[in-house]
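First the structure, in the form of structure tokens, and then the observations on it.
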Amino acid sequence: MDLHISLEGRGDQGARIYRQVRDAILDGRLRAGDRVPPSRDLARQLAVSRNTVAAAYDRLVGDGFLEGRAGAGTFVAMPAPGGSRRAPGGALRPSPRWAALADDLSARPPVAKARYDLRAGHPDGALFPLATWRRLLSRSLRADAEYADPAGLEGLRVAIARAVGLSRSVRASAADVIVTNGAQQGLDLVGRVLIEPGSVVAVEEPGYPPARLAFTALGARVVPVPVDGDGLVVDALPARPGWCT
């Protein structure tokens with residue numbers, strides 16, 4: 003089957019192949035059982051590396067959109083009974099508390115588009131030095147693989163320990179610091195260590211919603227506590243909270 007894919011413009015070619023094949027499946031242009039072009043043929047048609055097409059196909063297979071058939075090729079996957087697309091590896095169902103979270107999120111009213119985005123942790127993507135980042139990433143991938151300390155670069159941890167020692171009077175060394183991929187990962191790690199299913203966790207209300215979701219996912223009973231001009235109202239804390247944030 004002929005499949006038109008456009009790679010005009012700039013950007014990750016593999017990601018664009020993935021998106022365009024996925025969109026063709028979702029809007030019905032490619033139907034369940036249709037055979038997609040072999041990766042070698044599509045790579046020749048698009049004048050790209052075969053590995054680029056193969057990586058896009060592998061991702062589509064992993065996401066349940068395509069399936070490989072030995073000796074026959076790659077085909078659009080058949081949807082699972084009762085669903086529009088099968089999940090990779092069979093039918094997987096989340097625990098009941100995740101279903102409750104999904105209902106809570108879907109019940110929230112839509113947020114109107116603001117003229118200015120003042121959300122924390124959402125920098126302006128247009129200011130990101132993409133060309134420099136790609137060049138450094140490419141250089142890093144060509145270098146010999148090195149396995150860094152999972153706690154983070156030692157020099158960075160030394161600097162963090164010194165900074166909190168000066169600004170917060172915290173006595174710490176690099177061994178006491180773990181570098182995480184943002185506050186949410188940090189909350190998740192701490193929660194996994196301190197929270198048992200059924201533990202009571204007190205959170206500020208209003209506060210940081212993703213923290214509440216993380217603690218609920220770990221099986222905690224989250225109790226909102228009001229705040230005033232000085233912060234969390236200590237007198238409103240539950241009798242014996244296991245943890246506060």
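FYI, in the working numbering the residues of the sequence shown are 3 to 247.
Note that the Cβ used here is the ideal one computed from N, Cα and C, for glycine as well.
Keep in mind the model is a prediction, meaning the values are calculated, not measured.
How is residue i classed by DSSP in three states: helix, strand or coil?
i	result
L234	strand
E156	helix
F217	helix
A128	helix
A49	coil
R170	helix
R33	coil
T54	helix
Nearest-angstrom Cα distance between residue i and residue j?
i	j	result
A232	V192	A small fix is needed here, since residue 232 is Asp in this sequence, not Ala. Their Cα atoms are separated by approximately 25 Å.
G92	A34	Here G92 scores only 49 on pLDDT, less than 50, and its place in the model is too uncertain to base an answer on.
G209	V236	15 Å
G66	R164	48 Å
Please go through the same chain and pick out, in chain order, the residues whose beta-carbon is closer than 7 Å to the beta-carbon of residue i, but skip the five residues on each side of it.
i	result
D230	none
Y59	S41, L68, T76
Assuming the contact rule is C-beta atoms closer than 8 Å, residue i and residue j should be a hit. Round their C-beta distance to whole Å, please.
i	j	result
L62	Y20	6 Å
R173	G167	7 Å
V227	L239	6 Å
I7	L48	6 Å
Q15	T54	5 Å
E206	L189	Not really, about 13 Å apart at Cβ, beyond 8 Å.
Apart from the five residues on each side of it in sequence, which residues of its chain come closer than 6 Å, Cβ to Cβ, to residue i?
i	result
M1	The chain is shown from 3 up to 247; residue 1 falls before or after that span and cannot be answered.
L32	A26, V78
Q186	P212
Ordered along the chain, which non-local residues of its own chain (more than five positions away) have a Cβ less than 8 Å from that of residue i?
i	result
P40	G75, T76
L5	V23, A26, L32, V38, P39, L44
R52	S41, R42, A45
Next on the checklist: Quick test of the definition: if touching needs 3 or more C-beta pairs under 8 Å, does the region 147-167 touch the region 177-189?
Outcome noted: In this structure the region 147-167 touches the region 177-189; the number of beta carbon pairs closer than 8 Å is three or more.
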